[in-house]
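Undergrad:
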Ligand code: DC
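Residue numbers (the working numbering): 1304 to 1534.
(1) CA-CA distance, residue 1351 and residue 1481?
(2) How would you call residue 1414, buried or exposed, if buried means at least 16 neighbouring beta carbons within 10 angstroms?
(3) Tell me whether residue 1356 sits in a helix, a strand or coil according to DSSP, three-state version.
(4) Identify which residue in 1364, 1328 and 1373 has its Cα closest to the Cα of residue 1343.
(5) For residue 1405 and residue 1491, I'd like the C-alpha separation in whole angstroms.
(6) Cβ atoms of residue 1516 and residue 1322: under 8 Å apart, would you say?
(7) Do the stretch 1444-1464 and the stretch 1309-1322 touch if we need at least three Cβ pairs shorter than 8 Å?
(8) In the structure shown, what three-state DSSP assignment does residue 1342 receive?
(9) Following the continuous alpha helix (DSSP H) through residue 1484, name the residue where it begins and the one where it ends.
(10) State buried or exposed for residue 1393, treating a residue as buried only when at least 16 other CB atoms are found within 10 Å of its CB.
(11) Is the CB-CB distance between residue 1339 and residue 1437 below 8 Å?
In structure tokens form, the structure reads like this:
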């Protein structure tokens, strides 16, 4: 099995895309890329520069200054995955706050932002051997990915998961706030003009509302191995 494939994982927020992506990358010795982290880092950049806030978006200034945001991933041996750096600062923690989550869809709807990030994503994946998760990986970034997954589960299940994660990180949020964010992000992500979240025709849909992590991994690893056997 020397030849490598590309694995594209798309789906709604908090459907466990990154969990399965990390598991697959580890098992196959592939690189895991969290494309959502890039949109979050761009959002943090826009927040810091005061281009975006709860009630405003200065689209023109953000687009004009896109080159000032330099993004890169750096592998963290201890954690076993790559962390996000914005202008050489580790922003892994900052980009996961509810504040960023509440603004990211606005930034991710801007075509110029998407163009910049998609170009970086294509470059990272050009030699295959990557597992990338996001919203448009199977439909835009790697249309020719050998394995495409589309993850779903109910909004309530997802909000519960996200709420637990945020509380464990010490954030002060309520379940209702988190559910509202999940539902609103679904709405914006699926209705935006540029690269809306949708299932690619050749993607396998995985609803994991009632699947254990182990059962899900076993099923998806089998799919990946089938693809590897066929190339
Ligand atoms: O996967 P995530 O929740 O960390 O992603 C954050 C946001 O970024 C999500 O609400 C939509 C956007 N996103 C996107 O538009 N395209 C991607 N490929 C990945 C994320």
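No residue lacks a Cβ here, since even glycine has one placed at the ideal position from N, Cα and C.
TA: Checking against the coordinates, here is how it stands:
(1) Here residue 1351 refers to the residue found at position 48 when the chain shown is read from its first residue. Here residue 1481 refers to the residue found at position 178 when the chain shown is read from its first residue. In a straight line, the C-alpha of residue 1351 is about 23 Å away from that of residue 1481.
(2) Here residue 1414 refers to the residue found at position 111 of the chain shown. When all chains shown are included, residue 1414 counts as exposed.
(3) As a working mapping, residue 1356 is identified with position 53 in the chain shown. Strand, per DSSP.
(4) Within the chain shown, the letter at position 40 stands for residue 1343. Cα-wise, what sits closest to residue 1343 is 1373.
(5) Position 102 of the chain shown, counting from 1, holds the residue named residue 1405. Position 188 of the chain shown, counting from 1, holds the residue named residue 1491. Each residue's alpha carbon lies about 11 Å from the other.
(6) The sequence position of residue 1322 within the chain shown is 19, counting from 1. The sequence position of residue 1516 within the chain shown is 213, counting from 1. Cβ atoms of residue 1322 and residue 1516: closer than 8 Å.
(7) yes
(8) By one-based count along the chain shown, residue 1342 stands at place 39. Reduced to three states, the DSSP call for residue 1342 is helix.
(9) By 1-based counting over the chain shown, the position of residue 1484 is 181. Its alpha helix (DSSP H) spans residues 1478-1494.
(10) By one-based count along the chain shown, residue 1393 stands at place 90. When all chains shown are included, residue 1393 counts as exposed.
(11) One-based indexing of the chain shown puts residue 1339 at position 36. One-based indexing of the chain shown puts residue 1437 at position 134. Yes, the Cβ-Cβ distance between residue 1339 and residue 1437 is below 8 Å.
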